[in-house]
Amino acid sequence: MEEVYLDNAATSRMKKEALDAMMPYFMDEFANPSSIHAMSRAPRAAVKKAREQIAGCINAEPGEIYFTSGGTESDNWALISGMEMQEKKGKHLIISTIEHHAILETSYYLEKRGFEVTRVKVDKDGIIDMAELEKAIRPDTVLISVMTANNEIGSIQPIAEIGKLAHDKGILFHTDAVQAFGHIPLDVKAMNVDMLSASGHKFGGPKGVGFLYVRKGIRLPPFMHGGEQEEGRRAGTTNVPGVVGMGVAAEISCKDMDAKNRKMTELRDHLIDRVLKEIPYSRLNGHRYKRLPSNADFSFEFIEGESMLMSLGMKKVYISTGSACASGSLDPSHVLLGIGLPHEIAHGSVRISIPEETTLEQIDYAVDCLKQTVETMRSLSPLYDDFIKSQRV
Amino acid sequence: MYDGEYSDKVIDHFTNPRNVGEIENPSGVGTVGNAKCGDIMRIFLDIDENGIIRDCKFKTFGCGAAVASSSMATEMVKGKSVQEAMEITNKAVMQALDGLPVVKIHCSLLAEEAIHAALWDYCQKTGTVIEGLKEPKADIND
């Protein structure tokens, strides 16, 4: 078996059409779209088209799409500028406990700058507790930010409901849709979203480019200063090839999404069913159904994630882990702890995220390898020994 | 996987760990680390009447570096006297593995501690005194 890449949530292979569309803007149509001369016309038109392609994917207006360097910048901009803009109105931000670090770390930064943050917990399936969220709202709450889909356990949040709650209370609502955009249908109007972050390389576009959707009428101040690009909201020479590639990748990803997702869901469910049935002392993390069609996240008792990764890597199966040992910190992933997993179980967790082109044979091969790996690692584990001995008594 | 960060020796000892298993009625056994932090090492020693380590086995819950460190440590103590085994440092284990990434140095420390814990158990059982051996902490993370 050749390499089986199942780490698509980390980054995706670029779509060929996206790469092809980018190529002319490196050498032939390399001019700056902000220039005034005739050579700027073609790149300017290309950027305009990309803005329309992106807007069309989420039921937005092209003028509501602002290109950035990626999901992290979009998240930082939405949170920092979103809070600073409303400082006189209130200084309270609400997020969930399982946000991506681009939101979580930004919220710590905001606390250092004198803002107040409430982090609302999620249930055992990784879905936000709406009653807790409502309780967290204060008169000075000015922004709520909850991710559309989680990057580790794939759980999909009730975004429309959260948006409605926020709007009923006159609070702005941002969602980090980095894992969701291009993977599940999104509609900013139906979802009651004011701001939405996404990143090109998560759906077959290039790295180093993303966007922030900002609803018309919200005067979000710039985060990057030094130029009049993006209607004066985001300074910096436009990444023309990047933006063009992202636009094409977005259009392709959002086309026939339902049919593609039916196939993805079948693959995912086959994977989940086999793992839970064939590997004892395993559990699925995240909601069984309210999850990304491409995501499966498991914990295997008595073993540790990084060693599983290494062992699978030797069989050319590539996945990722929420174990602390892979990050250099002592704590396993905040997402796994956030859904209530004890440390020792969280250490034995792996994330499998499936690219669209994956075949059933590849999934079966990966499960076979995973079974072998779990067995091997358990044969090394003193915890498994102790457990088996305690069962005999 | 820490591709490129792990030496070939680490990869080798992870892929083909030496001396995995248990020893029935061991002369000494030691378990260190804790599951909360993601590493547990257990080392078994079989020591003859002259204080020479005849055999050594291990079981480890942990990352690739933890498995490789345990495997290397068991290789290093075999055939040594208990005094010599006591003097094996985590640095020596690391050197034998051609180095470890900085965030993984604690794995070699765990291996050193596991040997000490097993030797301590042997001393308790036999009344032997090994110069310089202190009662091990059950958990190096404490």
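Same order as they appear, the protein sequences are chains A and B.
For the first sequence, the working numbering gives the first residue as 5, with consecutive numbering after it.
For the second sequence, the working numbering gives the first residue as 389, with consecutive numbering after it.
Ideal Cβ placement from N, Cα and C applies to all residues, glycine included.
Using only the alpha-carbon positions, how far apart do residue i and residue j sit?
i: residue 283 (chain A); j: residue 452 (chain B); result: 21 Å
i: residue 404 (chain B); j: residue 396 (chain B); result: 12 Å
i: residue 48 (chain A); j: residue 130 (chain A); result: 42 Å
i: residue 35 (chain A); j: residue 54 (chain A); result: 17 Å
i: residue 500 (chain B); j: residue 481 (chain B); result: 8 Å
i: residue 141 (chain A); j: residue 459 (chain B); result: 54 Å
i: residue 189 (chain A); j: residue 388 (chain A); result: 43 Å
i: residue 428 (chain B); j: residue 379 (chain A); result: 18 Å
i: residue 525 (chain B); j: residue 420 (chain B); result: 8 Å
i: residue 133 (chain A); j: residue 343 (chain A); result: 11 Å
i: residue 366 (chain A); j: residue 317 (chain A); result: 14 Å
i: residue 308 (chain A); j: residue 65 (chain A); result: 47 Å
i: residue 98 (chain A); j: residue 221 (chain A); result: 22 Å
i: residue 12 (chain A); j: residue 313 (chain A); result: 15 Å
i: residue 165 (chain A); j: residue 143 (chain A); result: 20 Å
i: residue 197 (chain A); j: residue 179 (chain A); result: 7 Å
i: residue 87 (chain A); j: residue 216 (chain A); result: 16 Å
i: residue 192 (chain A); j: residue 153 (chain A); result: 15 Å
i: residue 237 (chain A); j: residue 218 (chain A); result: 11 Å
i: residue 52 (chain A); j: residue 260 (chain A); result: 23 Å
i: residue 303 (chain A); j: residue 287 (chain A); result: 5 Å
i: residue 38 (chain A); j: residue 245 (chain A); result: 14 Å
i: residue 2 (chain A); j: residue 341 (chain A); result: Here chain A comprises residues numbered 5 to 397, so residue 2 (chain A) is not present and cannot be evaluated.
i: residue 254 (chain A); j: residue 40 (chain A); result: 29 Å
i: residue 68 (chain A); j: residue 151 (chain A); result: 19 Å
i: residue 522 (chain B); j: residue 9 (chain A); result: 48 Å
i: residue 530 (chain B); j: residue 110 (chain A); result: A caution first: residue 530 (chain B) carries a pLDDT of 44, below 50, which makes its placement in the model too unreliable to give a value.
i: residue 470 (chain B); j: residue 515 (chain B); result: 13 Å
Given that a residue counts as buried once 16 or more other Cβ atoms are within 10 Å of its Cβ, and exposed if not, what is residue i?
i: residue 135 (chain A); result: exposed
i: residue 184 (chain A); result: buried
i: residue 229 (chain A); result: exposed
i: residue 412 (chain B); result: exposed
i: residue 397 (chain A); result: exposed
i: residue 187 (chain A); result: buried
i: residue 31 (chain A); result: exposed
i: residue 346 (chain A); result: exposed
i: residue 117 (chain A); result: exposed
i: residue 310 (chain A); result: buried
i: residue 492 (chain B); result: buried
i: residue 423 (chain B); result: buried
i: residue 490 (chain B); result: exposed
i: residue 394 (chain A); result: exposed
i: residue 436 (chain B); result: exposed
i: residue 17 (chain A); result: exposed
Quick check on residue i - is its C-beta less than 9 Å from some C-beta in chain A?
i: residue 447 (chain B); result: yes
i: residue 463 (chain B); result: no
i: residue 520 (chain B); result: no
i: residue 451 (chain B); result: yes
i: residue 466 (chain B); result: no
i: residue 397 (chain B); result: no
i: residue 516 (chain B); result: no
i: residue 405 (chain B); result: yes
i: residue 454 (chain B); result: yes
Spell out whether any CB of chain B is found under 9 Å from the CB atom of residue i.
i: residue 5 (chain A); result: no
i: residue 341 (chain A); result: no
i: residue 16 (chain A); result: no
i: residue 314 (chain A); result: yes
i: residue 336 (chain A); result: yes
i: residue 38 (chain A); result: no
i: residue 111 (chain A); result: no
i: residue 388 (chain A); result: yes
i: residue 384 (chain A); result: yes
i: residue 394 (chain A); result: no
Using a Cβ distance threshold of 8 Å, determine whether the region 362-381 of chain A contacts the region 273-289 of chain A, with at least three qualifying pairs required. yes
What are the residues of the region 300-312 of chain A that lie near chain B, defined by any Cβ-Cβ distance shorter than 9 Å? 306, 307, 308, 309, 310 and 311
Check whether the region 453-464 of chain B and the region 400-416 of chain B touch, using three or more Cβ-Cβ pairs below 8 Å as the test. yes
What are the residues in the region 347-380 of chain A lying within 8 Å of chain B by C-beta distance? 347, 348 and 351
Short of 9 Å Cβ to Cβ, which residues in the region 426-440 of chain B face chain A? 426, 427, 428, 429 and 430
Should the region 318-329 of chain A be called in touch with the region 340-360 of chain A, which here means at least 3 C-beta pairs below 8 Å? yes
Three or more beta-carbon pairs under 8 Å between the region 243-256 of chain A and the region 199-219 of chain A, yes or no? yes
Determine, using beta-carbon pairs with one atom in the region 149-163 of chain A and one in the region 299-311 of chain A, whether at least three such pairs fall under 8 Å. yes
Could you list the residues in the region 177-201 of chain A with a C-beta less than 7 Å from some C-beta on chain B, going in chain order? none
Decide yes or no for the touch test of the region 18-30 of chain A against the region 165-174 of chain A: beta carbon pairs closer than 8 Å, at least 3 of them. no
How about the region 433-446 of chain B and the region 464-478 of chain B: do they share at least three Cβ pairs that are nearer than 8 Å? yes
Decide if the region 221-239 of chain A is in contact with the region 73-89 of chain A; the criterion is three or more beta carbon pairs, one per stretch, under 8 Å apart. yes
Taking any Cβ of chain A, which residues in the region 408-427 of chain B have a Cβ under 8 Å from it, in chain order? 408, 410, 419, 423, 424, 425, 426 and 427
Inspect the CB distances between the region 195-202 of chain A and the region 110-124 of chain A and report whether three or more fall short of 8 Å. no
Which residues of the region 250-265 of chain A have a Cβ closer than 8 Å to any Cβ of chain B? Give them in chain order. none
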